[in-house]
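Just below is one structure, and these are the notes that go with it.
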Amino acid sequence: LMILDECILCFLMYTESIYTKTNSLCAYLDHFFPLIDQAVKQTLEERIKIMQRFFHLTVTGKVDTETIKVMDQPRCGVPDVLEYSRFPRAPKWNKKILTYRINNYTPDMPKHQVDRAIANALKVWSDVTPLQFRKITRPADIEVLFARREHGDNAPFDGRGRVLAHAFAPGSGLGGDAHFDEDEAWSEINKEINLFLVAAHEFGHSLGLAHSNVPGSLMYPTYSYVNPNTFRLPEDDRKSRKCRYRKKRAIIKKEKQTGRC
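Take a look at the structure:
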């Protein structure tokens, strides 16, 4: 009888584990790979395959170890799309000078380090576009905010891990704003989560870029560390079909031979 009870308990634990994983996967797919056309019905297996193709995984349609590993990686909270372009129907900024405001500061870093990380992250984009960014203390085009859980934009953070930050495409209201999860441990170096790297990614969204499925690109959804001191915007992020703003004349002339935008 004791052996039977142990078997039943093991079965229930196994069933609960499968149920939890399936629920977690469905929540992941609903958020990051939402159905664009609700009239088109897709099985769970088909949706898993879409995710696996996006991340260049072995396409099995099953919740395998490789798929779960990707799901558990820290990442941006913006949904993934299969085509790297501007967000659907999202306008780009119609002016060249954009303002930004840091609404509050994470206690994880001294204020001057936060200021530097944000400024350098914006410089990544001003170096390859005609856009200029000016810091102000009044309401701005790009509002930078550190927050926990629910913070007034219907996109609550999930605590430490997985979603690190999110940003909104150009526009009024929340448009252009970048929010960072305060439950993360932010850093200026290779310790925990590097603020500069995440901010540079999020500001790509603030300018209207969606995610890339090219590993190593700045706009790849998941986080990976590279040395900020030697960081250079990857080729994939520079290609003309992915850039929505004309570069400065000097940069255009310099990079004509490379085929970049």
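Taking this note's numbering, the leading residue of the sequence shown gets 586, the next gets one more, and so forth. Positions of the beta carbon are idealized from the N, C-alpha and C atoms, including for glycine. None of the values given here were measured: they were computed from a predicted structure.
- Message: For A785, count the other beta carbons within 10 Å of its own beta carbon; 16 or more makes it buried, fewer makes it exposed. Which is it?
- Response: By the Cβ-count criterion, A785 is buried, with 16 or more other Cβ atoms from all chains shown falling within 10 Å of its own Cβ.
- Message: Pull the bridge partners of D766 from the DSSP assignment, please.
- Response: DSSP, once it has assigned bridges, lists A732 as partnering D766.
- Item | Buried or exposed (CB count within 10 angstroms, at least 16 for buried), H764 | When all chains shown are included, H764 counts as buried.
- Query: Mind checking whether F788 and W678 have CB atoms under 8 Å apart?
  - Reply: Cβ distance not < 8 Å, so F788 and W678 don't count as in contact.
- Query: In its own chain, which residues sit with a C-beta less than 7 Å from the C-beta of N688, not counting the 5 before and 5 after it?
  - Reply: E728, V729 and L730, listed in sequence order.
- Message: Per DSSP, what are the beta-bridge partners of I682 in this structure?
- Response: For I682, the beta-bridge partners assigned by DSSP are Q717.
- Would a C-beta distance cut-off of 8 Å place L792 and R734 closer than the cut-off? In this structure, L792 sits away from R734, with a CB-CB distance that is not shorter than 8 Å.
- Message: For the pair the segment 802-816 and the segment 684-698, tell me if three or more CB-CB distances fall below 8 Å.
- Response: Taking 8 Å as the limit for Cβ pairs, the verdict is that the segment 684-698 does not touch the segment 802-816.
- Can you give, in chain order, each stretch of the beta strand (DSSP E) that sits fully within the segment 619-657 and has at least 3 residues? Entirely contained in the segment 619-657, not one beta strand (DSSP E) run reaches 3 residues.
- Have a look at G746, F753 and L620 and flag the residue whose alpha-carbon is nearest the alpha-carbon of R660. Just measuring C-alpha positions, the residue of G746, F753 and L620 sitting nearest R660 is G746.
- Item | Neighbourhood of L780 by C-beta, 6 Å cutoff - its chain only, sequence neighbours within 5 removed | So the qualifying residues of the chain are A702 and W771.
- Do three or more CB pairs link the segment 750-765 to the segment 642-656 at distances below 8 Å? The segment 750-765 makes no contact with the segment 642-656; the number of CB pairs closer than 8 Å stays below 3.
- Is A750 closer than 8 Å to D766 when the C-beta atoms are compared? In this structure, A750 lies closer than 8 Å to D766 by Cβ.
- Query: Thinking C-beta only, is P724 closer than 8 Å to K681?
  - Reply: No; because the gap between Cβ atoms is not below 8 Å, this pair is not in contact.
- Where E769 falls, given that 16 or more other Cβ within 10 Å makes a residue buried: E769 is buried by the Cβ-count criterion.
- Roughly how many angstroms lie between the CA atoms of L707 and Y685, to the nearest whole one? Rounded to whole angstroms, the gap between the alpha carbons of L707 and Y685 is 10 Å.
- Item | Nearest residue (CA-CA) to N814, options N775, H796 and S797 | The shortest C-alpha separation from N814 is found at N775.
- Pull up the distance between the alpha-carbon of M656 and that of Y613, whole angstroms please. Their backbone Cα atoms lie some 7 Å apart in a straight line.
- Message: Using only the alpha-carbon positions, how far apart do D762 and T652 sit?
- Response: Cα-Cα distance, rounded: 31 Å.
- Residues bridged to V663 (per DSSP): The partner list for V663 (beta bridge, DSSP) is empty, contrary to what the question assumes.
- Task: Check K696 in the structure and name its three-state DSSP category.
- Result: K696: helix per DSSP, three-state reduction.
- Query: Using the C-alpha atoms, what's the distance from A795 back to P819?
  - Reply: If I take the Cα positions, the gap works out to 15 Å.
- Task: Could you pull out every residue in the same chain whose Cβ sits closer than 7 Å to the Cβ of G801, ignoring the five residues on either side in sequence?
- Result: P819.
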